[in-house]
Each structure stands twice: as structure tokens, then as C-alpha cells.
Amino acid sequence: MENSEKTISQTIERIHKSEYGQILASLVNTFGDWDLAEEALQESFLAAVQQWEQQGVPKRPGAWLLVVARRKALDRIRKNKPVTVDPGNLENRSFSSEREIQYEEEEIADERLKLIFTCCHPALPMEHRIALTLRALGGLTTQEIASAFLVPVPTLAQRLVRAKKKIKESGIPFYIPPIHLLPERIESVLAVIYLIFTEGYASTSGDVLIRKELCDEAIRLCRMLEILIRKNLLSPDIPDEELSEVWGLLSLMLLNHSRRNSRIDSSGRIVLLDEQDRTLWNREEIQEGLALLQKALSLGSVGPYLVQAAIGAEHAISSHSSRTDWKKIAEWYELLLKMEDTPVIRLNHAVAVSIAEGPERGLLLLSALGKDLSSYAPYYLAVADVQKRLGSSESAKESYAQALAFTNNEVEKEFIRSKFDETR
């Protein structure tokens, strides 16, 4: 046993964050029962709190927790807990010693990848996928997830219960999908990760704009997915675009998140991109994001996340907003529209065009989106900006008022009010 410099509670919290997902994946793989695996794992953490305070932290805490959790699960099975596993099939397995748990890297990667695909299965509603992914893979508590998404704890708990029930009743398999299903399934995983990131990057409600912990968690999950895919899935049968889009999303998130320290001023107010102090941008994250972008582009396959990363790169390589190549950004958005023609992408394209070609052209494109984005605050902010540049102050104030009506985030509301007051 070795003693940690941190307190036992801090050590357990760290291990819960870093190893919860891989231990849970191993338990689900062994016993085939999600609830049983979670209950046994929670009991093993409770046992760790009691025993590690007296005996110290084991050299291999994850292996210790897995041994104890397996014992707890077997005890529940022997007590006739209604699960889908036959205890007789497990009797010959040796769970008696920490030394007997071989943490084989490939086996763990395989199990975690199975868990990712299960949590993000397309048959589950998106809000259930997000909650389950953060709980099972991120090791976040129900309270932490509920707090991050500003929903009541009982509501979040119900989502988790329903997600696991859906997995069981629908027979969603705990496996790595076959080759022909991989594009759809990886796309689902990336969508979940990106939604987690976007909620952290610009919170839709509450009194803070940036929820850094959600951005960090999304980036961590994407790193995990990238490692697991490289270890498990790279073969001549796997199309390059699968890894290309994973690298593209990771690049996109790193490039966007690198600006976090400049997006809010010392008073807590929003700072627009063209007004941000670029010396505050995280250069290490930018360099990593740019390197990932180049690796992805070298594969010759371009997907939506990769295009968005390329747009982020145009901002990252500009020393000042006046040197940003908005014509190039508008071209990237045109390419993105060919892949995903949505009103929000058309909005971003219109904004880029308004800067590259002039506000008149931008307003023309924006006007065509009014019906589709009639309750979307960023749309009215974009319209107000173009109207101000055209000298239509009264029209701009009306657009700011409409944006305010469709905003739930308090930081964004304060920003819009300030823009309204500045408009003359």
C-alpha cells in the first residue's frame, strides 16, 4: 500500500473521475446487467472510503475497486437478484485478489469502446445519450450532471433510469458495431460529445456563459474515443473519414475552447470575437488543434466537423480580427452547406458573407432566414449588427429587443441590453 499526499476523499474523487468508466465497462461486459454493475461499483467505492483510510491507497486502486465490485456483484447474484447472468457460469472465475485482475490495455480499450457505443446508441433520445455518457464514461454524479445542464436532479435521474431501461428492453447490444454500421454509430457518438461541448461553450440558460467543466469533459471524451478507435478499429476495412471526423471534432473543440479566457471580461460581460485580447488565447491548444486539423486533412476525407475546425483555424491563425480571411471562411461555410444545409449554418454563412462582401449582401441572405429562425436569438443579433453597419439604428434596436425576448442566459441578456443602449 502507498499513502497519497492528498486526502483519501480527494484521491477517491480523482479515481472516480479517471477510472469509473473503464471499471463499469468491465463489469457490464462480465455480468451483462447495467444496474447490477453500477450498484456493485458504488459499493466498492464506499468500501474504499472505509478501508483506504485505515490501510492506505493500493498501488493499483482501479484493480482493487474492480475486485471488490466483482465480489459485490456476485454476492447480489447469489442472493437471487433478478439479473440476466447465471452465477454458475462465474464460479470458476477468480476474483479473489487484486493481483489476479490483469488490466490488459487492449481488453480495457475494447470494453470502453463498447460502453461508448452503447451510451450513444441512436435508439436513445439525445438527452438520454448525453446524461448516460457523462454518468458512465465521465464518472460525473447525477447531481453534477443536473447542475451542469440546469435541470432538477429527479429529472436527470429519470433520464438515466429510462435510458438504461431502453437499453435492456430494446436489447441494445454491448458490442463494437460491425463495419457497415460504424459510420452511423461513430456519428452518433460525435454528436453527443459535441452537444456536451456546445452547452459548456455557450450555456443556453443560467447566470454564466461558459461551463468550463463541460467543455473539458467533452474534449476528454473525444480524446478517449480517438485513442480507442486507433487501438481497436484501424484496419484496411475502416474508411479514413471515421478517424478524420474524430480528429476534426477534437480540433474544433480545442480551437474554440482556446479562446475561453478572452470571451468574458473582468466584469463578467461578453467580449465579441473581434474585440478579444488574442494574447489570452491558449497557444498550446491552438497548436494542437491546428496539428490535428492537418492530420485530418491529410487523409483526404472532409466531413462537417473538419470543415468547422478549418473555420476555427482561420480565426486562430489571425493575429488581429482585421487580418481574418472572411472570404475563406465564407467558402468553408459554402462547403459545409453542401454537407449539412441547416438554417443555423446558413446564418453563419450569411454573417461571414456580410463581412467579406458587405452588409447589403449579408442582409439579403439573413432576410431569407427569418421564418426558420424566428425564435433564435443569435439570428436577431446578426441582423442587428448588419443593420447598424448600414446605419439603420432604429431597426437594429428592434432586432436587439427581439433577441432579448428569446434569450434565457443572464450573461447574454446583459450583453444584448448593453448593445441596445449603445445603439443610436
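Residues in the sequence shown are numbered consecutively from 8, following this note's numbering. Glycine included, C-beta positions come from ideal geometry on N, C-alpha and C. Only a predicted model underlies this, so the values are computations on that prediction, with no experimental measurement involved.
{"Query": "Inter-stretch contact at 8 Å, needing at least 3 Cβ pairs: the stretch 16-25 / the stretch 33-47", "Result": "no"}
{"Query": "7 Å Cβ cutoff met for ILE200 and CYS222", "Result": "no"}
{"Query": "Contact between the stretch 184-193 and the stretch 257-264 (3+ Cβ pairs under 8 Å)", "Result": "no"}
{"Query": "Closest Cα partner of VAL358 within the set GLY69, PRO65, ARG266 and ASP392", "Result": "ASP392"}
{"Query": "Boundaries of the alpha helix (DSSP H) in which LYS378 is found, first to last residue", "Result": "Premise fails: LYS378 is in no alpha helix (DSSP H) and is neither H nor E."}
{"Query": "Cβ separation of ILE277 and ALA323, assumed to be a contact under 8 Å, to the nearest whole Å", "Result": "About 20 Å separates the two Cβ atoms, so there is no contact after all."}
{"Query": "Cutoff 8 Å; reference PRO129; Cβ partners in own chain excluding five residues on either side", "Result": "GLU191, ARG192 and SER195"}
{"Query": "Nearest-angstrom Cα separation, counted from LEU197 out to ALA80", "Result": "32 Å"}
{"Query": "Proximity of VAL418 and LEU216 at Cβ, strictly below 7 Å", "Result": "yes"}
{"Query": "For ILE137, the three-state DSSP class (helix, strand or coil)", "Result": "helix"}
{"Query": "C-beta atoms of ARG138 and ILE123 nearer than 7 Å", "Result": "The sequence given here has Ala at residue 138, not Arg. No, the pair does not count as a contact, with Cβ atoms beyond the cut-off."}
{"Query": "Sub-7 Å separation of TYR383 and GLN409 beta-carbons", "Result": "no"}
{"Query": "Residues that DSSP places opposite LEU271 in a beta bridge", "Result": "Strictly speaking, residue 271 in this sequence is Ile, with Leu absent from that position. According to DSSP, ILE271 bridges with ILE277."}
{"Query": "Given ARG290 as reference, the closest of MET133, ALA209, PHE52 and HIS264 once Cα atoms are compared", "Result": "HIS264"}
{"Query": "Backbone CA spacing between LEU232 and GLU224 [nearest angstrom]", "Result": "12 Å"}
{"Query": "Close-in-space but distant-in-sequence residues of the same chain around LEU372 (CB under 8 Å, 5 per side omitted)", "Result": "ARG353, HIS356, ALA357, VAL360 and SER361"}
{"Query": "Given ILE423 as reference, the closest of SER399, ALA389, ILE183 and LEU256 once Cα atoms are compared", "Result": "ALA389"}
{"Query": "Through-space distance from GLU118 to LYS172, alpha-carbon basis", "Result": "20 Å"}
{"Query": "ASN268 versus VAL309: straight-line alpha-carbon distance, rounded", "Result": "30 Å"}
{"Query": "Pair within 7 Å by beta-carbon distance, GLU134 and ARG169", "Result": "no"}
{"Query": "ASN415 in three-state terms, based on DSSP", "Result": "strand"}
{"Query": "ALA298 versus VAL253: straight-line alpha-carbon distance, rounded", "Result": "13 Å"}
{"Query": "Residue burial classification, PRO132 (beta-carbon count within 10 angstroms, cutoff 16)", "Result": "exposed"}
{"Query": "Own chain residues within Cβ distance below 6 Å of GLN283, not counting five before or after", "Result": "SER269"}
{"Query": "Through-space distance from THR162 to TYR27, alpha-carbon basis", "Result": "23 Å"}
{"Query": "Exposed unless 16 or more other CB atoms sit within 10 angstroms - verdict on ILE236", "Result": "buried"}
{"Query": "With 16 other Cβ atoms within 10 Å as the buried cut-off, status of LEU376", "Result": "buried"}
{"Query": "Where ILE352 sits in the DSSP three-state scheme", "Result": "helix"}
{"Query": "Local conformation of GLU364 per DSSP, three classes", "Result": "coil"}
{"Query": "CA-to-CA distance, PRO184 to LYS86, given in whole angstroms", "Result": "34 Å"}
{"Query": "Alpha helix (DSSP H) segments (min. 4 residues) lying fully within the stretch 185-224", "Result": "189-208"}
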